[in-house]
Amino acid sequence: MESEKKKFGVSFNEMQGELQKSTPSFIVYTIAVFLLMFITALAVFFFANKGYEQVLVPDVTGKSLTRALLEMQERELYPKLQLRYSDLPGEAGQVLSQSPSAGSIVKAGRRITLVVSRGVVIDHVGNYVGMNLDTLKTKLDMLYGGVDAPPITIVEPVFKLDSAPIGTILEQEPAEGTPITQGVELRFIVSKGASEPLVKVPNFLGNTIAQILEEMGKVHLLFDFQSHVANAGEIAGTVTSQSVEEGGEVEEFSHITLDIALPVLGALYSGDTVVEKDLNGRDESEVAGMRMEDFANSSHGIFSTKVSRYPIAVPVKLDALPPEGAAYTVTSFNHIGGEITVPYSVPHGTVLVLSVVNQEKERFTVQ
1 MESEKKKFGV SFNEMQGELQ KSTPSFIVYT IAVFLLMFIT ALAVFFFANK GYEQVLVPDV
61 TGKSLTRALL EMQERELYPK LQLRYSDLPG EAGQVLSQSP SAGSIVKAGR RITLVVSRGV
121 VIDHVGNYVG MNLDTLKTKL DMLYGGVDAP PITIVEPVFK LDSAPIGTIL EQEPAEGTPI
181 TQGVELRFIV SKGASEPLVK VPNFLGNTIA QILEEMGKVH LLFDFQSHVA NAGEIAGTVT
241 SQSVEEGGEV EEFSHITLDI ALPVLGALYS GDTVVEKDLN GRDESEVAGM RMEDFANSSH
301 GIFSTKVSRY PIAVPVKLDA LPPEGAAYTV TSFNHIGGEI TVPYSVPHGT VLVLSVVNQE
361 KERFTVQ
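Per full-length UniProt numbering, the sequence shown starts with residue 1, numbered consecutively.
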């Protein structure tokens with residue numbers, strides 16, 4: 001059997017020996033091996049790059065960034081954005097240059113560098129009198145929207161009655177031409193029209209505390225709240241009277257007094273309290289049980305404090321920090337300052353925090 005293997009088998013040792021004896025054969029063998037390796041590597045390379053078609057880079061220079069991105073997306077090209085200021089006004093948001101250039105042939109999926117204008121560099125304060133405040137804010141946002149510390153910011157303006165259209169800048173500080181060497185705060189006096197806007201008073205009667213808190217952020221009125229213990233026939237936790245009737249027209253941020261019926265302390269629920277059917281199909285006894293549980297677990301009252309007066313209505317919010325669970329905002333609204341009252345219905349031990357223009361003014365713990 002061993003002799004049969006030697007007769008028909010292949011001995012690599014013998015082949016190697018034969019090749020070494022014959023130098024030309026060895027050279028041919030070596031070249032063949034390297035050629036085979038090269039062909040294999042070439043095949044693997046083309047296989048790996050299979051599917052990446054060649055595309056033509058579009059010309060997006062001078063076009064808006066939105067249009068440029070759409071054109072590149074159609075060709076399966078991906079942008080790499082670089083922002084810089086330009087010298088000509090009106091170029092904000094336009095593509096200033098691109099690399100590779102238009103007409104280049106590249107593979108789909110390649111990144112194309114786009115240089116996009118951030119607008120004109122402003123080195124001095126301009127003349128903004130006569131401009132619309134919102135228009136100026138939009139222009140500055142386009143220039144410095146992505147800047148951590150923009151060189152120009154607008155502080156809360158002062159509004160006054162004037163014949164100019166609402167929102168028109170009447171006066172400015174600092175004056176035109178002031179150099180911008182560091183952060184500059186622009187202060188404006190802005191027209192709020194020739195007369196105070198009128199507000200049509202809605203119907204608040206029967207609204208719950210939760211509904212009133214929501215309305216405070218929608219209606220430009222100054223709410224003055226007062227309370228009393230719920231009488232027979234009244235629903236605890238609802239508005240029972242309002243100083244201005246429904247449909248009445250008053251000037252914007254005029255005062256209106258709402259009287260709220262609150263549950264009795266120590267006897268948070270009375271079986272004689274009138275309870276209506278609710279919209280989810282529950283009967284009066286079920287709704288009454290829910291009210292009794294809600295009153296037992298919560299404190300109800302009127303948060304009251306005094307703050308500085310402001311020439312215009314400024315943002316105010318009341319936050320709640322309950323003993324358990326996450327903090328939340330009870331309500332947010334605009335107010336001109338002075339005495340501020342807000343009804344609340346929160347768990348016992350909750351801390352109420354009133355802030356004006358994001359600055360804490362009063363903190364109160366509900367017992």
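Heads up, the beta-carbon is just placed ideally off N, CA and C, and yes, glycines get one too.
DSSP lists Leu-198 as the bridge partner or partners of Glu-251.
Secondary structure in the region 50-127: the alpha helix (DSSP H) runs of 4 residues or longer, each lying completely within the stretch, are 65-74 in chain order. Around the beta carbon of Pro-323, a 10 Å sphere encloses fewer than 16 other beta carbons of the protein chains shown; the residue is thus reported as exposed. Between Gly-167 and Leu-205, the C-beta spacing is not below 7 Å.
Ile-27 sits exposed, since fewer than 16 C-beta atoms from the chains shown fall within 10 Å of its C-beta. The beta carbon of Val-57 is closer than 8 Å to those of Arg-75, Leu-77, Gln-98, Pro-100, Ser-101, Ala-102, Gly-103, Ser-104, Ile-105, Val-106 and Ile-112 in its chain, skipping five residues each way along the sequence. With fewer than 16 other Cβ atoms from the protein chains shown falling within 10 Å of its own Cβ, Tyr-328 counts as exposed.
In this structure Val-95 is not in contact with Val-125, their Cβ atoms being roughly 29 Å apart against a cut-off of 8 Å. For Ala-326, the closest C-alpha among the options Thr-257, Phe-34, Tyr-144 and Val-351 is that of Val-351. Around the beta carbon of Asn-231, fewer than 16 other beta carbons lie within 10 angstroms, which makes this residue exposed. Closest in alpha carbon position to Val-244, among Pro-263, Leu-262 and Asp-224, is Asp-224.
Contact between Leu-170 and Ile-189 holds, with the beta-carbon distance rounding to 5 Å and staying under 8 Å. Nearest Cα to Leu-354 within the set Ile-256, His-335, Glu-214 and Leu-198: His-335. Remark: C-beta atoms of Pro-343 and Ile-260 approach each other more closely than 7 Å. For the UniProt domain "PASTA" (119-192), the full-length alpha helix (DSSP H) segments reaching 4 residues or more read 133-144 along the chain.
Between the alpha carbons of Glu-91 and Val-55 lies a gap of roughly 28 Å. Counting along the chain, the unbroken alpha helix (DSSP H) around Leu-213 starts and ends at 209-216.
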